[in-house]
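Since the structure comes first, as structure tokens, the remarks are kept for the end.
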Amino acid sequence: MVGLHKSEFQNPVINWIDTRLPLFTMMTKEYGVFPTPKNFNYFWNFGALAMINLMIMIATGIFLAMNYNASTAGAFDSVERIVRDVNYGWLLRYVHMNGASMFFIVVYIHMFRGMYYGSYKKPRELLWMIGVVILLLMMATAFMGYVLPWGQMSYWGATVITNLFSAIPVVGEYIVTLLWGGFSVDNPTLNRFFSLHYLMPFVITGVVFLHVVALHITGSNNPLGIEPKSEQDTLPFHPYYTIKDSVGMCVYLLVFAVLVFFVPDYLGHSDNYIQANPLVTPTHIVPEWYFLPFYAILRSVPSKLGGVLMMFGAIAVLFVLPWLDTSPVRSAKFRPIYRQLMYVFVVDVVVLGYVGGKPPSGMNVVIGQVCTAYYFLHFLVILPILGKMEKPLPLPESISNPVLTMGGGPLPGAALAKPMEKI
Amino acid sequence: MQTLRIAAVAAMLGFVALAPALAQEMEYPHQNWSFEGPFGTYDRASAQRGFQIYKEVCSNCHSMKQVYYRNLEGIGLSPDAVKAIAASVDVPTIGDDGQPAERKGLPSDHFKAPYPNDKAARAAQNGALPPDQSVIIKAREGGADYIYSLLLGYEAPPADVKMGDGMNYNKWFTGHQIAMAAPLTEGRVEYADGTKATLEQEARDVTTFLAFVANPEMEERKRMGVRVVLFLAFMTCVTYAVKRQIWSDVHH
Ligand code: HEM
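Chains as they are written, first to last, in the working numbering: chain Z, 4 to 426; chain C, 162 to 413.
Have a look at this one:
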């Protein structure tokens with residue numbers, strides 16, 4: 004398709020640019036008039052919030068990097084220097100530090116939304132899988148970022164986690180040496196982690212772009228889990244959802260601000276204010292809170308390789324979730340059993356997080372194992388079977404015609420599995 | 162159903178709110194600190210007395226290498242007083258002849274450490290290393306409450322406990338055997354402001370000072386925080402009102 008774009012913009016400068024590079028047309032199409040289901044609830048804010056969070060991380064990170072010293076001798080002091088001597092350095096650091104926690108809160112809620120309302124189902128499987136890739140990249144980024152201040156938890160967390168790779172048969176040891184750049188976590192490790200920590204957010208930005216493109220091909224899911232049928236079912240993105248996202252953003256920033264300004268170290272671990280010391284092992288080595296459920300899964304298996312496989316398996320099952328859930332109905336609203344099991348699943352993950360932060364002894368081990376078993380049971384056994392056995396509630400005819408008020412005949416669940424018809 | 166949902170939400174909120182507390186092994190008796198809460202500030206007089214204790218007692222063994230003399234203006238000392246304090250120490254430098262020399266300290270100098278390096282510190286302290294105190298409040302679970310309890314926690318060891326050589330029994334220290342002998346005693350210092358130097362008073366003052374050096378930005382941070390939170394609360398209301406207005410023509 005060669006040739007100038009026919010721009011509808013009146014402003015001559017915008018028109019001139021838009022004719023040659025239709026950015027303005029694209030923005031209008033994707034964020035202005037983009038037809039969006041009219042029945043979103045506030046769970047649909049979290050994608051936009053994640054995007055804002057990513058931008059905040061990049062903005063604060065770049066300024067931190069200007070004052071950060073990536074060396075084992077200087078890293079700890081340079082971070083203290085940022086907090087004490089750089090103008091508003093404390094603000095930069097506390098925003099970045101708590102921003103990582105906010106990022107995971109937002110993304111975990113975003114994922115819960117996807118699971119509860121079946122947003123990963125056809126035709127949005129790839130959209131969901133790209134999301135899982137983003138989660139993996141975020142985890143790697145946050146892990147490497149946590150190493151940078153070079154406190155005790157930075158050092159020992161890095162040692163424990165990088166050591167996991169040695170469980171991989173044949174190439175394991177080689178990978179660990181490569182990660183370390185030597186034979187233990189040391190200056191070369193810190194340097195490469197800093198380099199990668201700077202790089203990865205931009206990779207994430209690229210993948211987020213794909214995520215949004217995929218979203219705008221299929222259109223958004225919605226709380227009813229049925230596709231919009233007519234123009235009555237949708238609203239232009241602007242101003243309806245720009246303003247609704249703004250409400251969510253204000254609340255999000257409020258929570259964020261309370262953390263940053265009043266309890267900046269609340270979610271952190273006190274040991275990370277002790278400079279890294281290879282000769283002193285902390286009594287409990289624990290990762291940041293957002294990794295605790297996975298840490299619990301890792302520790303619930305007595306064998307190292309087994310634990311590593313389970314931990315990565317816990318994310319791998321998310322990848323294939325669209326094919327594990329066999330129900331043709333998307334939204335938990337119309338799946339009475341699935342709906343309850345979703346809550347059980349949340350409790351299971353929270354309990355995993357709790358035991359992940361405890362020393363692995365006595366009851367904690369047993370609870371961790373039971374919850375790990377249930378985690379996999381949920382995905383690998385319950386979801387495939389439930390989809391076949393559960394009797395879904397009648398679905399409304401369309402978003403604007405709820406079945407009860409119009410009395411229209413409910414669609415059989417299977418009819419929804421059809422690819423969406425675009426209006 | 163409803164109960165399940167409430168349980169799930171409660172479990173999640175509870176986890177986020179209590180995670181740090183759950184991770185904590187020990188509970189330290191809680192003290193009232195002037196720097197607590199969203200409007201907390203450092204009790205200037207207490208922090209100044211605390212600095213006196215640090216200077217006269219703790220600094221014989223503990224360094225505080227992140228802190229500058231100029232930071233002392235943050236606890237209400239005048240620039241001249243700070244200059245005088247800095248000038249009272251000699252800091253190593255290189256003289257015009259290229260040889261090691263000493264000069265008088267300046268407000269822009271870091272606090273001078275008692276020992277040139279960790280090895281020297283250990284050698285003088287029976288093998289134990291007195292940790293740097295710049296962020297000690299943040300580096301211990303329990304923060305100010307822990308430090309305060311620790312300073313008051315020295316006791317005669319129970320009969321069945323065999324103490325290591327040069328070790329002291331402290332009921333709040335992990336393992337109860339600490340290499341630091343009780344640094345504070347009744348009347349350990351004579352306060353410049355005439356306050357009676359009881360043991361509790363000393364512990365409270367030095368802890369307040371340690372809290373200050375760990376978070377010198379705290380007062381500015383909380384002041385800004387109050388304004389930011391008020392602004393965001395206002396914006397939330399305005400945005401919500403506008404949202405209602407825009408959505409008023411949409412039929413659900
Ligand atoms: C996906 C986005 C990001 C995540 C999840 C993330 C996460 C983290 C975390 C958890 C820390 C440790 C915080 C602490 O304990 O102090 C950290 C530190 C750091 N990050 Fe990031 N980060 C992101 C983006 C960036 C970017 C884009 C840059 C630079 C261009 C950057 C530069 C730094 C630097 C210099 C530090 C060390 C300073 C410090 O510890 O406060 N980060 N990051």
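Each residue gets a CB set at the ideal place from its N, CA and C atoms; glycine is no exception.
Mind reading off the beta-carbon distance from residue i to residue j? Whole number of angstroms is fine, and I expect it under 8 Å.
i	j	result
C/Thr-369	C/Asp-204	6 Å
C/Ala-247	C/Gly-256	Not confirmed; about 19 Å, so no contact.
Z/Arg-87	Z/Asn-70	Incorrect: roughly 11 Å between the Cβ atoms, too far for contact.
C/Val-243	C/Pro-268	5 Å
C/Gly-211	C/Asp-366	4 Å
Z/Thr-375	Z/Met-313	7 Å
Z/Gly-371	Z/Ser-303	4 Å
C/Gly-266	C/Tyr-230	7 Å
Can you say whether residue i is buried or exposed, counting buried as having 16 or more other CB atoms within 10 angstroms of its CB?
i	result
Z/Ser-330	buried
Z/Glu-424	With a pLDDT of 38 at Z/Glu-424, under the threshold of 50, the modelled position of that residue is not reliable, and the figure given next carries that caveat. Under this definition Z/Glu-424 is an exposed residue.
C/Asn-331	buried
Z/Pro-399	buried
Z/Ala-73	buried
Z/Tyr-377	buried
Z/Val-16	exposed
Z/Phe-259	buried
C/Thr-254	exposed
C/Ala-259	In the sequence as displayed, the identity of residue 259 of chain C is Gly instead of Ala. By the 10 Å Cβ count, C/Gly-259 comes out exposed.
C/Ala-208	buried
Z/Ala-418	Residue placement at Z/Ala-418 cannot be trusted, given a pLDDT of 42 that sits under 50; the coordinates are not used to answer.
Please list, in chain order, the chain C residues whose beta carbon lies closer than 8 Å to that of residue i.
i	result
Z/Leu-138	In chain order: nothing, as chain C lies at least about 18 Å away.
Z/Arg-127	Those within 8 Å of Z/Arg-127 in chain C number zero; the least Cβ separation is about 24 Å.
Z/Asp-268	Lys-299
Can you pull the chain C neighbours of residue i, defined as C-beta to C-beta under 7 Å?
i	result
Z/Pro-242	Ile-407
Z/Ser-249	Thr-400
Z/Ile-229	By Cβ distance, chain C contributes nothing, its closest Cβ being about 15 Å from Z/Ile-229, past 7 Å.
Z/Ala-62	In chain order: nothing, as chain C lies at least about 17 Å away.
Z/Trp-93	Glu-378 and Arg-382
Z/Phe-253	Inspection of the sequence shows that residue 253 of chain Z is occupied by Cys rather than by Phe. In chain order: Leu-393, Met-396, Thr-397 and Thr-400.
Z/Ser-273	Lys-299, Ala-300, Arg-301 and Glu-302
Z/Ile-277	Ala-300
Z/Leu-238	Val-411
Would the beta-carbon of residue i fall within 8 Å of that of residue j?
i	j	result
Z/Tyr-298	Z/Gly-359	yes
Z/Tyr-120	Z/Pro-267	no
C/Val-252	C/Leu-345	no
Z/Ile-171	Z/Phe-146	no
C/Tyr-352	C/Ala-358	yes
C/Tyr-189	C/Asp-279	no
Z/Gln-278	Z/Gly-92	no
C/Glu-361	C/Leu-311	no
C/Pro-275	C/Ser-224	yes
C/Val-403	Z/Ile-246	yes
Z/Ala-217	Z/Leu-130	yes
Z/Ala-53	Z/Asp-248	no
Z/His-99	Z/Leu-151	no
Z/Tyr-293	Z/Ser-157	no
Z/Ile-318	Z/Val-135	yes
C/Lys-226	C/Asp-321	no
Z/Phe-106	Z/Met-142	no
I want to verify the contact list: residues of chain Z whose CB lies under 8 Å from the CB of residue i, in sequence order.
i	result
C/Pro-377	Arg-87
C/Gln-227	Asp-80, Glu-83, Arg-84 and Arg-87
C/Val-390	Leu-257, Ala-260, Val-261 and Phe-264
C/Val-296	Glu-83 and Tyr-276
Using a C-beta to C-beta distance shorter than 9 Å, which residues of chain C count as neighbours of residue i?
i	result
Z/Val-384	Under the 9 Å cutoff, chain C gives no residues; its nearest Cβ is about 20 Å from Z/Val-384.
Can residue i be considered in contact with ligand 3, in the sense that its beta carbon sits closer than 7 Å to one or more heavy atoms?
i	result
C/Val-399	This structure lacks ligand 3; its bound ligands are ligand 1.
So residue i contacts chain Z; which residues on that side make the cut at Cβ distance below 7 Å?
i	result
C/Met-385	Phe-264
C/Lys-404	Ile-246, Lys-247 and Val-250
C/Pro-199	Phe-265
Show which residues of chain Z have a CB atom less than 9 Å away from the CB atom of residue i.
i	result
C/Pro-277	Within chain Z, no residue comes near C/Pro-277; the closest Cβ sits about 16 Å away, beyond 9 Å.
Open item on the list: Any contact between the stretch 229–237 of chain C and the stretch 371–384 of chain C? By contact I mean 3 or more CB pairs, one from each, below 8 Å.
Closed with: yes
Open item on the list: Quick test of the definition: if touching needs 3 or more C-beta pairs under 8 Å, does the stretch 19–37 of chain Z touch the stretch 57–76 of chain Z?
Closed with: no
Task: Inter-stretch contact (C-beta, 8 Å, three-pair minimum) for the stretch 246–265 of chain Z and the stretch 316–323 of chain Z - done: Not touching, per the Cβ criterion.
Open item on the list: Quick check: the stretch 383–390 of chain Z against the stretch 337–345 of chain Z, are at least 3 beta-carbon pairs closer than 8 Å?
Closed with: yes
Task: Any 3 or more C-beta pairs closer than 8 Å across the stretch 212–226 of chain Z and the stretch 4–19 of chain Z - done: no
Task: Stretch pair the stretch 33–43 of chain Z + the stretch 74–83 of chain Z: three plus CB contacts closer than 8 Å - done: Short answer: they don't touch.
Task: the stretch 360–378 of chain Z in contact with the stretch 285–296 of chain Z per 3-pair CB rule at 8 Å - done: yes
TODO: Indicate whether the contact test is met: 3 or more Cβ pairs, each with one atom in the stretch 218–237 of chain Z and one in the stretch 109–126 of chain Z, closer than 8 Å.
DONE: yes
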